[in-house]
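**Student:** Have a look at this one before I ask anything.
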Amino acid sequence: MTQSVQTLPRASREFPLGLHGITRGRLQDYHANAAVWAPAIPSMDVHWLRSDGTWTSETLVGLDGGVHHGVVGPIEPGSLYAFWPTGQEPPGIIGEAQLLLDPYARAVETIDTETGTDESPVRSYYSVFLEHAFDWGDSERPGTPWRDTVIYEAHVKGLTRLHPDVPEDLRGTYAGLAHPAMVTYLRDLGVTAVELLPVHFHIDEPHLEPLGLSNYWGYNTLGFFAAHTDYATASARAAGPAAVLDEFKSMVRTLHEAGLEVILDVVYNHTAEGEQHRPALCWRGLGDLDYYRHNGAGRYVDTTGCGNTLDFSQPRVVEFALDSLRYWAEECQIDGFRFDLAVTLARDEHNAFTPRHPFLVAAGASKALRGTKLITEPWDIGPDGWKTGRFPVGWADWNDGFRDTLRDFWLRDVAALAGGGRGASPARLAGCLAGSADTFGASGRSALASINLITAHDGFTLADLTAYERKHNEANGEGNRDGHGDNRSYNHGAEGRTEDEGILAARERSARNLMASLLISLGVPMLTAGDEFGRSQGGNNNAYCQDTEVAWVHWPADAASRRMLEATRTLLTIRKDFLAAQPPTFPSRGDQSTLLWFNASGLPMTAHEWDDPHTRTVQLLLGSRGGTINGLVVINGALEDVRVHLPSAWIQQEQGVGSDQPRWFSRTFDSAAAGVFGAPGAGTPDAAGDRLRSGEPDLVAADSVRIYRC
Numbered sequence: 001m002t003q004s005v006q007t008l009p010r011a012s013r014e015f016p017l018g019l020h021g022i023t024r025g026r027l028q029d030y031h032a033n034a035a036v037w038a039p040a041i042p043s044m045d046v047h048w049l050r051s052d053g054t055w056t057s058e059t060l061v062g063l064d065g066g067v068h069h070g071v072v073g074p075i076e077p078g079s080l081y082a083f084w085p086t087g088q089e090p091p092g093i094i095g096e097a098q099l100l101l102d103p104y105a106r107a108v109e110t111i112d113t114e115t116g117t118d119e120s121p122v123r124s125y126y127s128v129f130l131e132h133a134f135d136w137g138d139s140e141r142p143g144t145p146w147r148d149t150v151i152y153e154a155h156v157k158g159l160t161r162l163h164p165d166v167p168e169d170l171r172g173t174y175a176g177l178a179h180p181a182m183v184t185y186l187r188d189l190g191v192t193a194v195e196l197l198p199v200h201f202h203i204d205e206p207h208l209e210p211l212g213l214s215n216y217w218g219y220n221t222l223g224f225f226a227a228h229t230d231y232a233t234a235s236a237r238a239a240g241p242a243a244v245l246d247e248f249k250s251m252v253r254t255l256h257e258a259g260l261e262v263i264l265d266v267v268y269n270h271t272a273e274g275e276q277h278r279p280a281l282c283w284r285g286l287g288d289l290d291y292y293r294h295n296g297a298g299r300y301v302d303t304t305g306c307g308n309t310l311d312f313s314q315p316r317v318v319e320f321a322l323d324s325l326r327y328w329a330e331e332c333q334i335d336g337f338r339f340d341l342a343v344t345l346a347r348d349e350h351n352a353f354t355p356r357h358p359f360l361v362a363a364g365a366s367k368a369l370r371g372t373k374l375i376t377e378p379w380d381i382g383p384d385g386w387k388t389g390r391f392p393v394g395w396a397d398w399n400d401g402f403r404d405t406l407r408d409f410w411l412r413d414v415a416a417l418a419g420g421g422r423g424a425s426p427a428r429l430a431g432c433l434a435g436s437a438d439t440f441g442a443s444g445r446s447a448l449a450s451i452n453l454i455t456a457h458d459g460f461t462l463a464d465l466t467a468y469e470r471k472h473n474e475a476n477g478e479g480n481r482d483g484h485g486d487n488r489s490y491n492h493g494a495e496g497r498t499e500d501e502g503i504l505a506a507r508e509r510s511a512r513n514l515m516a517s518l519l520i521s522l523g524v525p526m527l528t529a530g531d532e533f534g535r536s537q538g539g540n541n542n543a544y545c546q547d548t549e550v551a552w553v554h555w556p557a558d559a560a561s562r563r564m565l566e567a568t569r570t571l572l573t574i575r576k577d578f579l580a581a582q583p584p585t586f587p588s589r590g591d592q593s594t595l596l597w598f599n600a601s602g603l604p605m606t607a608h609e610w611d612d613p614h615t616r617t618v619q620l621l622l623g624s625r626g627g628t629i630n631g632l633v634v635i636n637g638a639l640e641d642v643r644v645h646l647p648s649a650w651i652q653q654e655q656g657v658g659s660d661q662p663r664w665f666s667r668t669f670d671s672a673a674a675g676v677f678g679a680p681g682a683g684t685p686d687a688a689g690d691r692l693r694s695g696e697p698d699l700v701a702a703d704s705v706r707i708y709r710c
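For what it's worth, our numbering labels the leading residue of the sequence shown as 1, then goes sequentially.
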């Protein structure tokens with residue numbers, strides 16, 4: 001009787017998708033419920049590698065709503081497996097061709113097999129049946145409020161590959177990022193969240209191999225539930241996929257214990273299968289017409305520039321992306337996601353963007369994702385693809401308008417002025433510093449929906465913005481045709497490296513101006529790793545294929561790097577102290593915020609001055625009702641020193657007309673002096689010390705930012 005119970009077949013389920021271990025009777029053998037959505041295939045088999053080194057297969061007997069499902073086994077955790085249509089001859093097993101990966105696989109393994117010829121080895125990919133448990137201990141997600149968040153965009157490998165204080169065997173790995181030297185650095189810098197370039201399992205595009213290059217950035221995903229193996233230490237890779245996932249989760253736990261959030265850059269807009277003619281690896285073989293967007297002629301509609309586009313008008317595709325997000329949020333404790341080419345994820349059956357797209361609604365309403373930070377790259381290359389400010393409440397957008405405006409004011413305008421031309425008025429700049437309400441207000445969102453940035457992984461670094469006017473991507477093997485042509489940069493009189501001390505000083509000042517403007521603006525700032533101390537990529541503005549010292553973060557100790565790092569730390573401290581002195585609702589409640597604008601004379605700005613391109617000096621008073629600190633920011637975008645009278649009109653508004661009580665201003669930062677008062681060029685001859693009264697004059701250096709606490 002007992003034996004018959006043990007051998008009875010067990011009913012399978014169409015949910016959850018993927019392979020998940022189950023108990024079958026009282027046998028200790030591992031069995032798994034297998035489920036895969038493949039609506040175009042009549043019947044599906046699962047093939048897996050047994051412990052004795054032989055392959056076997058079973059047919060999934062259940063079929064509901066296009067989902068094939070069945071109980072398979074015994075199958076041991078760590079086994080390789082894949083799918084293939086029933087009745088079709090498999091293309092071979094190890095190394096001969098490619099079976100179909102499980103879209104929900106928790107790990108992917110790469111196997112290279114020698115061909116016995118002069119040709120390159122045959123590369124195959126296999127899903128791994130992974131059952132994983134992890135002890136999170138007492139660690140908790142930091143839950144940093146949006147208003148206190150400072151994002152640090154970094155690459156797992158590139159951030160530590162050259163770090164001198166990280167042990168050699170940990171450099172370039174998840175464990176390296178979790179090393180005390182790196183964690184201490186991030187905390188001392190003052191950032192609150194690390195945004196990692198893709199860590200989902202990814203592969204190289206075919207055109208890179210003949211060039212001897214690889215996809216360094218990782219925007220070519222083959223496993224949306226799998227951690228990228230190559231970012232694990234050699235010991236973890238040798239121990240297998242479970243050890244790789246252990247190392248990844250340990251990194252997250254360590255960063256959380258240090259109060260740092262972890263945000264993943266995720267790429268749900270396309271897959272690594274590439275163009276329509278390329279061989280199937282997974283989704284194309286399971287259901288090409290169902291997973292990918294096509295036109296009426298059956299050809300791919302590509303809104304990504306990567307050869308294919310996942311069709312988010314399909315409910316199962318939406319479900320797939322949501323399941324992946326829930327896995328990373330629940331099982332790996334991830335704090336947020338930045339969505340690459342997010343407009344593609346919100347295109348309906350007519351290929352039109354809608355802010356009420358089911359994916360956006362479901363992600364925003366998901367209990368599993370509640371409290372996570374949802375960040376869009378609000379554009380793609382499809383029709384009407386630029387949607388900055390158009391995403392719904394609950395989402396934040398990369399603010400490209402902020403990026404372009406600040407580059408224009410501090411770089412292109414300065415170049416024009418130096419050449420005898422003229423720049424723009426500070427009107428657009430003022431809107432950015434004040435939270436870009438003109439961009440985000442219509443969507444019902446506050447300044448906290450604006451992810452403010454000057455640079456990102458894609459484009460020039462901050463240092464290169466001040467040193468190059470043309471891209472230099474020759475090393476990418478595409479004849480310098482790749483990458484952006486519109487960089488809004490200024491080389492200050494010499495292209496690239498120079499020994500001219502005047503040019504070098506001007507470049508440093510421009511970089512500090514940009515960093516200061518970023519970190520005093522309302523919104524959520526994002527720094528790119530290395531910008532805080534002047535990292536250069538030698539003018540390469542598309543280093544996606546440079547897994548070399550071109551793109552890795554260098555950790556220099558020269559005087560210029562130290563000056564930039566100290567300025568960045570000072571600015572982040574000023575920002576933190578200012579926000580700590582405001583009520584929790586600042587700046588999301590606009591009616592509680594104080595943003596007052598003054599001209600160089602300390603008087604309220606007039607409409608004429610806002611529109612006058614000759615007006616390049618403006619003062620911004622930042623504060624709030626109930627706050628204990630106000631901040632005054634003086635922007636001098638002119639090429640001459642300007643005598644600025646600190647504003648007093650606002651005191652009359654607060655204390656009554658005719659009040660003669662002075663308000664004191666303390667200088668806290670000056671970009672013309674590398675952020676250190678008393679240094680040469682500080683430009684403070686009008687007062688003894690660094691404290692001035694309202695209404696008093698102060699000499700503000702040309703092309704600079706000065707910040708006061710009041």
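Where a beta carbon is used, it is the ideal one built from N, C-alpha and C, also for glycine.
On a predicted model such as this, the values are computed, not experimentally measured, just so you know.
Can you list, in chain order, the residues of its chain with a C-beta nearer than 6 Å to that of G681? Leave out the 5 residues immediately preceding and following it.
**Tutor:** Taking the sequence shown and counting its residues from 1, one reaches residue 681 at position 681. Model confidence at G681 stands at a pLDDT of 37, short of 50, so the residue's coordinates are unreliable; what they give is reported in the following sentence. If we look at G681 and ignore the five residues flanking it on each side, its Cβ neighbours are A672 and A673.
**Student:** Would V194 and L245 be called neighbours here (beta carbons separated by less than 8 Å)?
**Tutor:** Within the sequence shown, the letter at position 194 stands for residue 194. Within the sequence shown, the letter at position 245 stands for residue 245. In this structure, L245 does not lie closer than 8 Å to V194 by Cβ.
**Student:** Where does G683 land, buried or exposed, given buried means 16+ other C-beta within 10 angstroms?
**Tutor:** Within the sequence shown, residue 683 is the residue found at index 683, counting from 1. With a pLDDT of 38 at G683, under the threshold of 50, the predicted position of this residue should be treated as unreliable, though the coordinate-derived value follows. Classification for G683: buried.
**Student:** The alpha helix (DSSP H) that contains P647, what's its start and end?
**Tutor:** One-based indexing of the sequence shown puts residue 647 at position 647. No alpha helix (DSSP H) holds P647; DSSP gives it neither H nor E.
**Student:** Relative to the C-alpha of T221, which candidate in E209, V252, S324 and D148 has its C-alpha closest?
**Tutor:** The count along the sequence shown starts at 1 and reaches residue 221 at position 221. Ranking the options by Cα distance to T221, first place goes to S324.
**Student:** Would DSSP call P525 helix, strand or coil?
**Tutor:** For the purposes of this step, residue 525 is taken as the residue at position 525 of the sequence shown. Strand, per DSSP.
**Student:** From H608 to T668, what distance separates their C-alpha atoms?
**Tutor:** As a position in the sequence shown, residue 608 is number 608, starting the count at 1. As a position in the sequence shown, residue 668 is number 668, starting the count at 1. For H608 and T668, the distance between alpha carbons rounds to 31 Å.
**Student:** Taking the Cβ atom as the reference point for each residue, do R187 and I263 lie within a distance shorter than 8 Å?
**Tutor:** Within the sequence shown, the letter at position 187 stands for residue 187. Within the sequence shown, the letter at position 263 stands for residue 263. No, these two residues do not count as a Cβ contact at 8 Å.
**Student:** Taking W283 as the reference, give the member of A475, G223, A638 and L429 with the closest Cα.
**Tutor:** Position 283 of the sequence shown, counted from the first residue, corresponds to residue 283. With distances taken between Cα atoms, W283 lies closest to G223.
**Student:** Residues in the same chain with beta-carbon distance under 8 Å from A181, minus the five sequence neighbours each way, listed in chain order, please.
**Tutor:** The residue labelled residue 181 in the question sits at position 181 within the sequence shown. H163, D165 and V166, listed in sequence order.
**Student:** What three-state label does DSSP hand F129 in the structure shown?
**Tutor:** In the sequence shown, residue 129 corresponds to position 129, counting from 1. Of the three classes helix, strand and coil, the one that applies to F129 here is coil, per DSSP.
**Student:** Go through its chain and collect everything with a Cβ distance to Q3's Cβ below 7 Å, but skip five positions before and after it.
**Tutor:** Taking the sequence shown and counting its residues from 1, one reaches residue 3 at position 3. With a pLDDT of 41 at Q3, under the threshold of 50, the modelled position of that residue is not reliable, and the figure given next carries that caveat. Nothing listed; no residue qualifies.
**Student:** Is it the case that the Cβ atoms of A227 and V191 are separated by a distance below 8 Å?
**Tutor:** Taking the first residue of the sequence shown as position 1, residue 227 is located at position 227. Taking the first residue of the sequence shown as position 1, residue 191 is located at position 191. Not closer than 8 Å, so no.
**Student:** Determine contact between the segment 577 to 584 and the segment 523 to 543, defined as no fewer than three beta-carbon pairs at a distance below 8 Å.
**Tutor:** Segments in contact, no.
**Student:** Have a look at E349, N513 and V317 and flag the residue whose alpha-carbon is nearest the alpha-carbon of L406.
**Tutor:** Locating residue 406 in the sequence shown gives position 406, counting from the first residue. For L406, the nearest C-alpha among the options comes from N513.
**Student:** Considering only C-alpha positions, which residue in the set A702, V700 and R663 is nearest to R691?
**Tutor:** Numbered from its first residue, the sequence shown carries residue 691 at position 691. For R691, the nearest C-alpha among the options comes from R663.
**Student:** Using a Cβ distance threshold of 8 Å, determine whether the segment 98 to 111 contacts the segment 52 to 71, with at least three qualifying pairs required.
**Tutor:** With the cut-off at 8 Å, the segment 98 to 111 and the segment 52 to 71 do not touch.
**Student:** Closer than 7 Å: is that where the CB of A82 sits relative to any heavy atom of the ligand FMN?
**Tutor:** As presented, the structure is devoid of all ligands, the ligand FMN included, so that no description of it is given.
**Student:** Per DSSP, K373 forms a beta bridge with which residues?
**Tutor:** What you label residue 373 is simply residue 373 of the sequence shown in a count that begins at 1. K373 is bridged to G336.
**Student:** Can you give the Cα-Cα distance for N269 and G602, rounded to whole angstroms?
**Tutor:** Working through the sequence shown from its first residue, we reach residue 269 at position 269. Working through the sequence shown from its first residue, we reach residue 602 at position 602. Using only the alpha carbons, I get a separation of about 50 Å.
**Student:** Are the Cβ atoms of Q333 and V252 separated by less than 8 Å?
**Tutor:** Walking along the sequence shown from the start, residue 333 turns up at place 333. Walking along the sequence shown from the start, residue 252 turns up at place 252. Yes, Cβ-Cβ distance for Q333 and V252 is below 8 Å.
**Student:** If I measure Cβ to Cβ from R693 and keep anything under 8 Å in the same chain, skipping five residues before and after, which residues do I get?
**Tutor:** Start at 1 with the first residue of the sequence shown, and residue 693 comes out as number 693. Here the set comprises L646, P662, R663, W664 and F665.
**Student:** Does the Cβ of G336 have 16 or more other Cβ atoms within 10 Å, making it buried, or fewer, making it exposed?
**Tutor:** Indexing the sequence shown from 1 puts residue 336 at position 336. Label assigned to G336: buried.
**Student:** Please name the residue, chosen from G274, L620, A702 and A456, that lies closest to R709 on a Cα-to-Cα basis.
**Tutor:** As a position in the sequence shown, residue 709 is number 709, starting the count at 1. When only C-alpha atoms are compared, the closest one is L620.
**Student:** Alpha carbon to alpha carbon, how far is A232 from G240?
**Tutor:** To locate residue 232, count along the sequence shown from 1; it is residue 232. To locate residue 240, count along the sequence shown from 1; it is residue 240. Looking at the two C-alpha atoms, the distance is approximately 10 Å.
**Student:** If contacts are defined as beta-carbon pairs under 8 Å, then L720 and W395 qualify, I think. What distance do you get, rounded to the angstrom?
**Tutor:** Any answer about residue 720 is impossible in this case: the structure gives the chain only from 1 up to 710.
**Student:** Report the three-state DSSP secondary structure of V414 (helix, strand or coil).
**Tutor:** Position 414 of the sequence shown, counting from 1, holds the residue named residue 414. Looking at V414 - three-state DSSP - the assignment turns out to be helix.
**Student:** DSSP beta-bridge partners for N308?
**Tutor:** Here residue 308 refers to the residue found at position 308 when the sequence shown is read from its first residue. In DSSP, N308 forms no bridge with anything.
**Student:** Thinking just about the alpha-carbon of each residue, which of A272, N491, G423 and K471 is nearest to the one in G483?
**Tutor:** Here residue 483 corresponds to residue number 483 of the sequence shown, with the count starting at 1. The residue with the shortest Cα to Cα distance from G483 is K471.
**Student:** Measure the beta-carbon distance from T86 to S43 and round it to whole angstroms, keeping in mind my assumption that it falls under 8 Å.
**Tutor:** Taking the sequence shown and counting its residues from 1, the one referred to as residue 86 is at position 86. Taking the sequence shown and counting its residues from 1, the one referred to as residue 43 is at position 43. That belief holds up - the Cβ atoms of T86 and S43 are roughly 4 Å apart, short of 8 Å.
**Student:** Using 8 Å as the Cβ pair cut-off and three pairs as the minimum, do the segment 456 to 466 and the segment 426 to 443 touch?
**Tutor:** Cβ pair count under 8 Å is below three, so no.
**Student:** Reducing DSSP to helix, strand and coil, say where N540 ends up.
**Tutor:** Residue mapping note: residue 540 aligns to position 540 of the sequence shown, counting from 1. Here N540 sits in coil by DSSP.
**Student:** Going by the DSSP bridge assignment, what does R667 pair with across the sheet?
**Tutor:** To locate residue 667, count along the sequence shown from 1; it is residue 667. Y708.
**Student:** Under 8 Å: do the segment 203 to 222 and the segment 445 to 456 share three or more Cβ pairs, one atom per stretch?
**Tutor:** Segments in contact, no.
**Student:** Any chance the segment 532 to 544 sits against the segment 136 to 146, with 3 or more Cβ pairs inside 8 Å?
**Tutor:** No, the segment 532 to 544 does not touch the segment 136 to 146.
**Student:** Since V183 and A258 are thought to touch, with beta carbons under 8 Å apart, how far apart are those beta carbons, to the nearest angstrom?
**Tutor:** Along the sequence shown, one-based indexing puts residue 183 at 183. Along the sequence shown, one-based indexing puts residue 258 at 258. Yes, V183 and A258 are in contact; Cβ-Cβ is about 5 Å, under 8 Å.
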